[in-house]
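**Q**
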Amino acid sequence: NSINVSWTNTEKAIANFVVKQGKKEKEIVIPNELITLILEYCDKLHPLLFVNKRWHDNVCRMLWNKIKLNGMTGVKFFSIFGVDVKPLPCKFITSLKIWGQKVKDINILFSEICKACPNLKDLFFIDCGHRLVNNESIEKSLIECKNLKSLGIIKQKR
Numbered sequence: 152n153s154i155n156v157s158w159t160n161t162e163k164a165i166a167n168f169v170v171k172q173g174k175k176e177k178e179i180v181i182p183n184e185l186i187t188l189i190l191e192y193c194d195k196l197h198p199l200l201f202v203n204k205r206w207h208d209n210v211c212r213m214l215w216n217k218i219k220l221n222g223m224t225g226v227k228f229f230s231i232f233g234v235d236v237k238p239l240p241c242k243f244i245t246s247l248k249i250w251g252q253k254v255k256d257i258n259i260l261f262s263e264i265c266k267a268c269p270n271l272k273d274l275f276f277i278d279c280g281h282r283l284v285n286n287e288s289i290e291k292s293l294i295e296c297k298n299l300k301s302l303g304i305i306k307q308k309r
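Just so you know, we're using this note's numbering here: the sequence shown kicks off at 152 and counts up by one.
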């Protein structure tokens, strides 16, 4: 698995290291952008979740950035919707691709996905059922999804 994260202002982030003068020692605060660049070279990200809170947040963002769902993974993912409590990683999801998902519960609309994942920018439905993607859910999602930049509906069978 490779994750490509790029920042145009990496040089600026390096130049803006904050050095705090303490009573006994100096503390260097590394920007999150640089931590993410360092973490890209790691083969296994899961153990890095336990280093500290900053590394945990950066690793979560890398792991949950782009999600692809099909079959049972989609069923498990959609089971969280309709519940008031949303999982913490939902805030890190920026891209979501859903293949062949046939949701039996008509109350699950993809506007609920947008509500649960506030940073979602790209959303693609490939060969999904009409109960999940319909005119009502498209209208509601335009209200809920403020950050959505692209929406793809491919091979929609009605």
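The C-beta atom is built at its ideal place from N, Cα and C for all residues, glycine as well. On a predicted model such as this, the values are computed, not experimentally measured, just so you know.
Buried or exposed: which applies to residue 276, given that a residue is buried once 16 or more other Cβ atoms fall within 10 Å of its Cβ?
**A** As a working mapping, residue 276 is identified with position 125 in the sequence shown. Classification of residue 276: buried, given that the 10 Å Cβ count is 16 or more.
**Q** To which residues does DSSP link residue 271 through a beta bridge?
**A** Here residue 271 refers to the residue found at position 120 when the sequence shown is read from its first residue. DSSP, once it has assigned bridges, lists no residue as partnering residue 271.
**Q** Can you name the start and end residues of the alpha helix (DSSP H) that residue 294 belongs to?
**A** Walking along the sequence shown from the start, residue 294 turns up at place 143. Unbroken alpha helix (DSSP H) run through residue 294: 286-295.
**Q** Determine the direct distance from the alpha carbon of residue 289 to that of residue 220, and round the result to whole angstroms.
**A** Position 69 of the sequence shown, counted from the first residue, corresponds to residue 220. Position 138 of the sequence shown, counted from the first residue, corresponds to residue 289. When rounded, the separation of the alpha-carbon atoms in residue 220 and residue 289 is 20 Å.
**Q** Going by beta-carbon coordinates alone, are residue 186 and residue 216 separated by less than 8 Å?
**A** Looking up residue 186 in the sequence shown gives position 35. Looking up residue 216 in the sequence shown gives position 65. Against a cut-off of 8 Å, the Cβ pair of residue 216 and residue 186 comes out as no contact.
**Q** Among 271, 202 and 179, which has the Cα closest to the Cα of residue 190?
**A** Along the sequence shown, read from residue 1 onward, the residue named residue 190 stands at position 39. With distances taken between Cα atoms, residue 190 lies closest to 202.
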